[in-house]
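Down below is the structure, laid out as structure tokens.
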Amino acid sequence: MQALDTQITVGVIGAGAMGAGIAQVAAQAGHRVHLHDQREGAAAAGRDGVAKQLQRRVDKGKMEQQAVDAIVDRIQPVSTLSQLSNSGMVIEAIIEDLEIKHMLLCELEQLCGDDTILATNTSSISVTALGSKLDHPERLVGMHFFNPAPLMALVEVVKGLATDDGVADTVHATAAKWGKKPVFATSTPGFIVNRVARPFYAESFRLLQEQAADPATLDAIIREAGGFRMGPFELTDLIGHDVNYAVTTSVFDAYYQDTRFLPSLIQKELVEAGRFGRKSGLGFYCYDDNSKPSEPNTEPAHESDETQLIVEGLLGPAAALVERLRDAGVDVIERDGPGQLRFGDAVLALTDGRMATERANSEGTPNLVLFDLAFDFTNTTRLAVGIADQAHDKARTDACALLQKAGIAVSVIEDRPGLVVMRTVAMLASQAADASLHGVATKEDIDLAMKAGLNYPDGPLSWSDRLGNSLVFEVLTNVQNSYGEDRYRPALFLRQNHYAEKGFYT
Ligand code: NAI
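FYI, this note's numbering numbers position 268 of the sequence shown as 255, with every residue one higher than the one before it.
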């Protein structure tokens, strides 16, 4: 499908954070942009903001002044809606309100030519509902940019029930031509990213509520072991708890209060207290100039006289840990077994979603120390561990000493099912699998969306394949069993893949 020709004028309505950014993206791609805002002076201010942003790039030597001037010249603030009538595509980025957007879209439909594409940047309103008052709802499509639009690669191209496939294809091709990574999504609550990402926040909030560890420790585990850019606490402090909590509750309600999307009481309380995060100076962390940064809990150096590591069976996704220990000079003996490590008194194993205490009891290994998943066991700088209640102190010492020999910082957390990274990744995979089951998007687009929209180190479905679909299924089954909660039910595709002995792509 053909992208819009750059000769075609693009209209942008709403010159706030998103509209100004979208105008910049379109102008950078070579379009003339007519930028409109109902607030007097806002469109001009939006264009000035773009000029200021780009000037920084000139100052850093990353752009030529001439190129910046040309881009800014292509953005023309207009004071009336009728000045958008000759646009080939109009993207609205006004206030998130169904009635106000309805009125605007109906007015636009009367003003613009029959071929004009109407696009909405809404992040939470149904595109189907937005199209319902139009004479030609087939020309309305979601074009959901992420904040800040000039920097974030992802664009979700959202099809409402009536959206014409050709219109969606044109918007997809146009977004790609503008240097973005577009994906198709159906008009379902949260589209792809705001639906699939919920467990990233929810599981850590829940672990905090269960006193597994403090925010700084959980953030460090998610960042260093999980390979995510930011931890959930620092990220929601940045996004703003008012905004993040509103998205969570709207998705929860939109899915008829499916407990998979359950909001967190801890976050609710922060919102009620006005602790919105960075913007209010206080959230999970304190942002006044005198406050010390919170440090994660890290075990002090443990001494152990043990030198020999016995590897019993295959460690699956954690196999690289054995190589790393061998490279660190640990004497390794391999023999058959259930997939665990013996070092001194300690028996170490990758979490399978059960608590260490429960597994120690059922497997007859009282000195069991479970370690968490790492995105990359060869390079991870930190691992979380959970220790069985039955374990002796020496088991803790031996387990920590072993991991420390490989240069890994150890965070001992309370013994909770699935620990931190494993449980989060398994839940992300389950959400992604259900989004695929429900036809929200293709599996490739779901993975791409999570990587391009949120900088995840891997897409949840390809990550699940790397771990082994059956392990993810087992982890969730065990976590669900531990809590007895529907929230952790494994997605149908995880179950089906498990019995078919395959993955999403393999
Ligand atoms: P904003 O509040 O920064 O800007 C909205 C602008 O629209 C304001 O300048 C306002 O004067 C103008 N406006 C309001 N009603 C209008 C009307 N009837 N006609 C013309 N102009 C009108 O809001 P923001 O954050 O830019 O969001 C805009 C849209 O983008 C919303 O639909 C939001 O859900 C969506 N969005 C926001 C993201 C974000 O992170 N802020 C991310 C992705 C989508």
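Even glycine gets a Cβ: it sits at the ideal position worked out from N, Cα and C.
Closer than 8 Å: is that where the CB of residue i sits relative to any heavy atom of the ligand NAI?
i, result
"Arg182", "no"
"Met437", "no"
"Thr107", "yes"
"Ile395", "no"
"Ala2", "yes"
"Leu91", "yes"
"Ala29", "yes"
"Ser111", "yes"
"Ala306", "no"
"Gly214", "no"
"Ile62", "no"
"Ala80", "yes"
"Gln15", "no"
"Arg34", "no"
"Asn231", "no"
"Phe133", "yes"
"Gly6", "yes"
"Arg26", "yes"
"Ile179", "no"
"His23", "yes"
"Glu96", "no"
"Ile320", "no"
"Glu83", "yes"
"Ile87", "yes"
Using a threshold of 9 Å, state whether the C-beta atoms of residue i and residue j are closer than that.
i, j, result
"Pro124", "Ala149", "yes"
"Gln377", "Leu355", "yes"
"Gly147", "Val114", "yes"
"Val180", "Glu211", "no"
"Gly8", "Ile81", "no"
"Ala203", "Glu96", "no"
"Gly490", "Asn468", "no"
"Pro137", "Gln40", "yes"
"Phe187", "Thr367", "no"
"Val154", "Leu121", "no"
"Leu415", "Pro444", "no"
Alpha carbon to alpha carbon, how far is residue j from residue i? Give it in angstroms, no decimals.
i, j, result
"Glu350", "Thr294", "25 Å"
"Phe220", "Gln(-11)", "42 Å"
"Leu252", "Glu197", "12 Å"
"Ser72", "Thr107", "17 Å"
"Val298", "Thr173", "48 Å"
"Arg340", "Leu463", "Residue 340 is actually Gly in this sequence, not Arg. Whole-angstrom Cα-Cα distance: 6 Å."
"Thr67", "Gln25", "8 Å"
"Glu431", "Thr103", "30 Å"
"Ser417", "Asp101", "42 Å"
"Gly510", "Ser267", "The requested residue 510 is not part of the displayed model; the chain covers only -12 to 493."
"Ser498", "Ala386", "Nothing can be reported for residue 498, as the shown portion of the chain is limited to -12 through 493."
"Met342", "Ala336", "12 Å"
"Ala420", "Arg322", "36 Å"
"Arg482", "Phe460", "6 Å"
"Ala62", "Ile374", "It is worth fixing the name first, because residue 62 is Ile in this sequence and not Ala. Computed Cα separation, rounded: 60 Å."
"Met437", "Asp292", "45 Å"
"Gly324", "Leu296", "14 Å"
"Gly177", "Thr161", "23 Å"
Flag residue i as yes if its beta-carbon sits less than 9 Å from any beta-carbon of chain C, otherwise no.
i, result
"Ile58", "Of the protein chains in this structure there is only one, and it is not chain C."
Mapping the DSSP letters down to three states, classify residue i as helix, strand or coil.
i, result
"Leu141", "strand"
"Ser111", "coil"
"Pro444", "coil"
"Cys99", "coil"
"Phe248", "helix"
"His21", "strand"
"Phe358", "strand"
"Leu121", "coil"
"Glu461", "helix"
"Ala189", "helix"
"Arg262", "coil"
"Ile82", "coil"
"Ser291", "coil"
Contact check, residue i vs residue j under 8 Å by CB: the rounded distance?
i, j, result
"Val372", "Leu357", "6 Å"
"Thr285", "Val397", "7 Å"
"Gly303", "Leu458", "6 Å"
"His21", "Val65", "5 Å"
"Ile400", "Ala199", "5 Å"
"Ala14", "His23", "The pair is not a contact, with the Cβ atoms about 14 Å apart (cut-off 8 Å)."
"Cys99", "Ser74", "7 Å"
"Gln83", "Thr109", "According to the sequence shown, residue 83 is Glu rather than Gln. That pair is a contact at about 6 Å."
"Gly270", "Leu249", "Going by Cβ atoms, the distance from Gly270 to Leu249 rounds to 20 Å, so no, they are not a contact pair."
"Leu194", "Arg329", "Actually they are not in contact, since the Cβ atoms of Leu194 and Arg329 sit about 28 Å apart, beyond 8 Å."
"Asp473", "Thr235", "The Cβ separation is near 18 Å, so there is no contact."
"Ala10", "Val(-1)", "5 Å"
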